[in-house]
Every structure is written in C-alpha cells, then in structure tokens.
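To start, the structure itself, in structure tokens.
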Amino acid sequence: PNDYVFFRRYTLMGILSDMPKEPEFDGAYRDGIELAIKATELIGEPYYRKYALMYLADILKEREDVFDLYRRTLTEAHTVALTIKDQFAKQFALIYILQQTPKTPGFMELLESVISESLAFFTLKKWVGDIDAVDMVDYILSAEEPGISDSKKRRFDSPYFPNSVLATAARI
C-alpha cells in the first residue's frame, strides 16, 4: 500500500474511523478520541493545534454519544486560538471556530466568548485605545506641508478666482 493508505488505515484516527459504530465499541472509541485530544497537546504551534482540534470536532459532530467530547474539542480549540500571536491569524481562527460551532444552547457560553473576542479586534477603540488625542493633533500639525507660497497667493488672489480655496487662504 502507498503512504496515504497506510496513514489512513493504520494510525489512531484511521482505526477509529474504520471502527464499527456498534454500542460495544463506544468505550474504545471514546478512549481513542480522548487519546487523540491529549495528543494535540504535543503540537507546539497553536494554529496547527487548533486545526487538529477542529478536525476532531468535525468527526465528533456526527455522533451524539460523544457530545461532551465534541464540546470539549471546540472549547479547547477556542482556548488555543487565543494563544496565537499573529492577530490576523487569531481572528481567522476565531471566525472559523464561530462558523463551526453549533448555535444551540449547549454552546452559548463558547459562542459569546468567541464573538466578544472577535468584536474586540474589530472595534476602533482596540486600535487607538493607547493614542493620546493631544499627541495626535501635535503630530498632524507638525506633519503639515509648508504654507502657501507668495507667488501662489498673488496668482490666485485675483478677480478670476474669487471663491477658490487658495484665494480664501491667501486673504487669511
């Protein structure tokens, strides 16, 4: 068999996906999923760990007997997404979690947390919260170009341009 077939059939997730869906195998399935969730802790990069947890959540959403593990994977994916240092990657991860989370009463706390984290990123206060208004005005005033030259004042201070901005500025 080729590599794809090997990894699909003989890894933990491959075995779990091929396991019969009969009640006598539910305990072994649950143990295998819990081991897979624990294995995600070994993934150092938070974005990839979130990706692995979301993969597990996608598998678990089809089975009602492991609802608690489904909620756990989504909650852990959210927790991991919050540790992503790149703000845009973090927001992308949070939006993806928001899209994949069921809009049901069992997930309302998680939904509220994801939404509040995402909204905080997109508000103006988050971006300019540490800027002092006086410093900003000083910066704008110091960044202005030099005033209107005398030649422009003479040229636009004529009866041909009585209402132009430069004519008004020249009279000031």
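Numbers 45 to 216, taken from this note's numbering, label the letters of the sequence shown in order.
Where is the CB? At the ideal position from N, CA and C, for every residue including glycine.
Which value, in whole angstroms, describes the spacing of the CA atoms of Leu138 and Ile59? 30 Å
Secondary structure, alpha helix (DSSP H): runs of 4+ residues fully inside the region 61-142: 70-83, 90-104 and 111-125
Closest to Leu118 by C-alpha separation, out of Ile81, Arg74, Pro64 and Thr55, would be which residue? Ile81
Test item: CB-CB of Gln131 and Phe165 under 8 Å: yes
What are the boundary residues of the alpha helix (DSSP H) that includes Phe151? Careful: Phe151 lies outside any alpha helix (DSSP H) and carries neither H nor E.
Buried or exposed: which applies to Ala83, given that a residue is buried once 16 or more other Cβ atoms fall within 10 Å of its Cβ? exposed
So, Gly76 versus Leu56, is the Cβ gap smaller than 8 Å? yes
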